[in-house]
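Novice:
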Amino acid sequence: MSKPRILVSDDEHLISSMLALKLGMVGYVLETAASGKETLEKFYDFKPDLVILDLNLPDADGLELLVKMRASDDTLPIIVITANILTDSAVNAFKLGAVNFFGKPFDIDEIVLSVAQSLNEKKIEDAEITPIGRRNISTPDQMIGNSPKMVYISKLIFACASTDAKTVLITGESGSGKGLVARAIHQYSARACAPFIEVNCAAIPENLIENELFGHDRGAYTDAAKKQKGIFELADGGTVFLDEIGDMPHTMQTKLLKILETKRFRRLGGEVEVETDVRIIAATNQNLTQMVADGHFRGDLYYRLNMMNICVPALRHRLEDIPAMVQYFIERLNAEYGRRIKMASNEALEKLLAHSWPGNVRELRNAIERAMMLEKGNVLTHFHLSEESPQTYRASSPEPQASDYKAFVADQGQRFAEFQLPPEGMSLEEMEKQMITLALENASGNQSKAAKFLKMSRDTLRYRMKKFGISEAMDKDPNCKMTESAQRKSKSDAYTAFKWADC
Ligand SMILES: Nc1ncnc2c1ncn2[C@@H]1O[C@H](COP(=O)(O)OP(=O)(O)OP(=O)(O)O)[C@@H](O)[C@H]1O
Ligand SMILES: [Mg+2]
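Counting from 1, one number per residue, gives the positions in the sequence shown under the working numbering.
And the structure:
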């Protein structure tokens, strides 16, 4: 997976080499130019994904260069820097399509952040425009919260994203936003154009997890008719998010440690070692230190993962974020359900601020969703909150069993039939395919609804559909029914993956 390419154009050698050094450390591919002529030459040869342009070059007017480059590539993000910010050039640069403007001296971290944001916006923009010009992906979830605790978390996210730290451990209670933090790290890093693949270690039975992570070579076992890449190979250049890492079986912990140390692994039944460049983000709501002390988690792996730790605070410890979150969720759910709720009443907000939120942000979102369903007017007044004692980190968790397949999904009042493993057995992939097929069938082919059933983003669903060759035609014809009626179900969150659209 190719890394984003950045051209830094500045005649001040110190500035361009400082920027190149910092951005290179983040993981971008860099090229520098010291004149207008060189800038254009490198622009055509190097084909950058983003340009940082000094407006005051010795042989050219920076604005003219900007116009020429944008005429050749109208989606190219150009970040402008200049010694003299007190001129009309800033306004003109914006009018001509610059995405951001910095006066010298600048804070280099702000430029790095602006680069990550601009590349990310470009990627989303490119992916959203279908041949008929319609948006086809939903806006990713945003992280809301201006409390000092959340500002601190944002800084940690940015620090992880901009240093390409190879391992990050995210801890925190269930529903506090660990998954969101993991995605944000990926999204703001130079890896953003490569896949982000999420694995729930608690949901995959021990005998299948190795195959999922490492893949297999042809003939590795009786049914292995052809080679299959595992997640570590599919995510090359990107991020693997190992959710619920505390539930990873001991044998896999050893193999994971080896990958972290050598960046190499073997597929099941494979002879050769495969090299991979992935960042591993692990998350848990268990107390890993205690698990290490009890001998349930490898100490060496824990120390390796814990080199960078982000502990997401429980919602009850940052209640001041609630009003902004409430408004955000109302607006998102308005768009989703075609409602026009304006806000929550002051009395309702007071009630929300007095609650202890054992289920954290997920509970808040669910409470708002429920209140919106019940509300007839345009102001939310009634919230039904169940008071439970706040959860702390889990002390232990049951090992996943093959019988975990016998689970139930109850979504939006709909109950699926119990899933039974056929006597001849079934691969996890086949099961996942069946589940996606079933969800699409229940949603009459509507991908947004099916993604909601499966508690995954629409991007994830589309990625999985493509992987399994499930027809996209269903989404276009709401009456289209799937022929294969799979009266089965399984865990909805067994394994999800999504790939940000290619750059
Ligand atoms: N700061 C936030 N702003 C907006 N939405 C948030 C925030 N934090 C979490 N959410 C939302 O709350 C829900 C739960 O978040 P998430 O799944 O990331 O939690 P988690 O800590 O990974 O939970 P679990 O341990 O159960 O996996 C998601 O819908 C997420 O988008
Ligand atoms: Mg999670």
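Ideal Cβ positions, reconstructed from N, Cα and C, are used throughout, including at glycine.
Please classify residue 251 as buried or exposed, where buried requires at least 16 other C-beta atoms within 10 Å of its C-beta.
Specialist: Exposed: under 16 other Cβ atoms inside 10 Å.
Novice: Under the three-state reduction of DSSP, which class applies to residue 173: helix, strand or coil?
Specialist: Residue state, collapsed to three classes: coil.
Novice: Just grab the DSSP bridge partners of residue 264 for me.
Specialist: BP columns for residue 264 point to 275.
Novice: Do the region 302-317 and the region 159-179 meet, that is, are 3 or more Cβ pairs less than 8 Å apart?
Specialist: The region 302-317 vs the region 159-179: in contact.
Novice: Quick check: what's the CA-CA separation for residue 236 versus residue 247?
Specialist: Residue 236 and residue 247: Cα-Cα distance of roughly 24 Å.
Novice: So, at 6 Å on beta carbons, what are the nonlocal neighbours of residue 147 in its own chain, with the 5 sequence-adjacent residues on each side left out?
Specialist: These residues qualify, in order along the chain: 318, 320 and 321.
Novice: Quick one: what does DSSP say residue 11 is sitting in, helix, strand or coil?
Specialist: Residue 11 falls in the coil class under three-state DSSP.
Novice: Identify every run of the alpha helix (DSSP H) within the region 270-358, keeping only runs that are complete inside it and at least 4 residues long; order them along the chain.
Specialist: Within the region 270-358, the complete alpha helix (DSSP H) runs of at least 4 residues are 288-293, 299-305, 322-337 and 346-354.
Novice: State the start and end residues of the unbroken beta strand (DSSP E) segment that holds residue 33.
Specialist: Start and end: 29-33.
Novice: Can you list, in chain order, the residues of its chain whose CB lies under 8 Å from that of residue 299, leaving out five sequence neighbours each side?
Specialist: The answer, listed in chain order, is 292.
Novice: Can residue 178 be considered in contact with ligand 2, in the sense that its beta carbon sits closer than 6 Å to one or more heavy atoms?
Specialist: Checking the Cβ of residue 178 against ligand 2 gives yes.
Novice: Just how far apart, CA to CA, sit residue 116 and residue 95?
Specialist: One C-alpha to the other measures close to 22 Å.
Novice: Could you name the residues of the same chain whose beta carbon sits closer than 7 Å to that of residue 302, not counting the 5 residues immediately before and after it, in chain order?
Specialist: Contacts found: 288 and 292.
Novice: Report the residue from 338, 469, 245 and 448 whose alpha carbon sits nearest the alpha carbon of residue 434.
Specialist: Nearest of 338, 469, 245 and 448 to residue 434, Cα basis: 469.
Novice: Compute the distance between the beta-carbons of residue 159 and residue 185, then report whether it is under 7 Å.
Specialist: Not closer than 7 Å, so no.
Novice: Under the assumption that residue 198 contacts residue 360 (Cβ atoms under 8 Å), give the Cβ distance between them as a whole number of angstroms.
Specialist: Actually they do not touch by this definition, with Cβ atoms about 19 Å apart.
Novice: Suppose contacts are defined by Cβ-Cβ distances below 7 Å. Is residue 275 in contact with residue 263 by that definition?
Specialist: For residue 275 and residue 263, yes; Cβs fall inside 7 Å.
Novice: DSSP three-state label for residue 127, please.
Specialist: For residue 127, the predicted structure reports a pLDDT of 47, less than 50, and the residue's modelled location is therefore unreliable. A value from the coordinates is still provided. It is helical.
Novice: Are residue 9 and residue 53 close, meaning C-beta to C-beta below 7 Å?
Specialist: Yes, the pair counts as a contact, with Cβ atoms nearer than the cut-off.
Novice: Mind checking if residue 466 is an interface residue toward chain D, Cβ cutoff 7 Å exclusive?
Specialist: Here chain D cannot be found, since the structure has a single protein chain.
Novice: Which same chain residues, not among the five before or five after residue 42, have their C-beta less than 7 Å away from its C-beta?
Specialist: If we look at residue 42 and ignore the five residues flanking it on each side, its Cβ neighbours are 7, 31 and 33.
Novice: Would you call residue 49 buried or exposed, if buried means 16 or more other Cβ atoms sit within 10 Å of its Cβ?
Specialist: When all chains shown are included, residue 49 counts as buried.
Novice: Does the Cβ-Cβ distance between residue 11 and residue 57 come in under 7 Å?
Specialist: Yes, Cβ-Cβ distance for residue 11 and residue 57 is below 7 Å.
Novice: Keeping to the same chain, check which residues put their C-beta closer than 7 Å to that of residue 327; ignore five residues upstream and five downstream.
Specialist: Cβ within range, chain order: 343.
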